[in-house]
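Residue numbers (this note's numbering): 94 to 211.
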């Protein structure tokens, strides 16, 4: 029986100080490193096209099959699940998720409560 994957309990996000940088930078590059952002875009595009990502479809996303790319794929996949951009579907597949939007909404509500804005 295979091991259950371990997902990080938190993902560090660096928010730029300047608002213009925030508008100009793609969201995946804010949430992840540049290499991870490129891999995440491939994963998300695959899920958008096919509806879900099955465990053996990494071969389609990573044509080179180098061990470095495979490690990057799994590291990015775990971060996307922890962030809430994708979630687990049926039979160990991955689907797009709205969990990150809910998390950000809660953070916005907490910031507004802290600053006194309603």
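Glycine included, C-beta positions come from ideal geometry on N, C-alpha and C. Everything numeric in this text was worked out from a predicted model, so none of it was measured.
Does the contact criterion of 3 or more C-beta pairs under 8 Å hold for the stretch 186-201 versus the stretch 171-178? Contact between the stretch 186-201 and the stretch 171-178 is present, with at least three C-beta pairs closer than 8 Å.
Return yes when the Cβ of residue 115 is within less than 9 Å of the Cβ of residue 136, no when it is not. Taking 9 Å as the Cβ cut-off, residue 136 and residue 115 do not qualify as a contacting pair.
If we count Cβ pairs, one from each stretch, closer than 8 Å, do we get three or more for the stretch 104-122 versus the stretch 156-164? By the Cβ rule, the stretch 104-122 does not count as touching the stretch 156-164, because fewer than three pairs are nearer than 8 Å.
Beta strand (DSSP E) containing residue 189: first to last residue? DSSP places residue 189 inside the beta strand (DSSP E), whose first and last residues are 187-189.
Please state whether the Cβ-Cβ distance between residue 184 and residue 151 is less than 9 Å. For residue 184 and residue 151, no; Cβs fall outside 9 Å.
Beta-carbon proximity list for residue 186, same chain, < 8 Å, skipping 5 on both sides: Correct list, in chain order: 145, 146, 147, 148.
Tell me whether the beta-carbon of residue 165 lies closer than 9 Å to the beta-carbon of residue 132. Yes, they are a contact pair.
Roughly how many angstroms separate the alpha carbons of residue 128 and residue 106, rounded to a whole number? Answer to the nearest angstrom: the Cα atoms are 15 Å apart.
Residues that DSSP places opposite residue 180 in a beta bridge: The beta-bridge partner set that DSSP reports for residue 180 consists of 188.
Using the DSSP secondary-structure output, state which residues sit across from residue 146 in a beta bridge. Looking at the DSSP assignment, residue 146 forms a beta bridge with 187.
Would you mind sorting residue 207 into buried or exposed? The rule is 16 or more other CB atoms within 10 Å of its CB. Exposed, since its Cβ has fewer than 16 Cβ neighbours within 10 Å.
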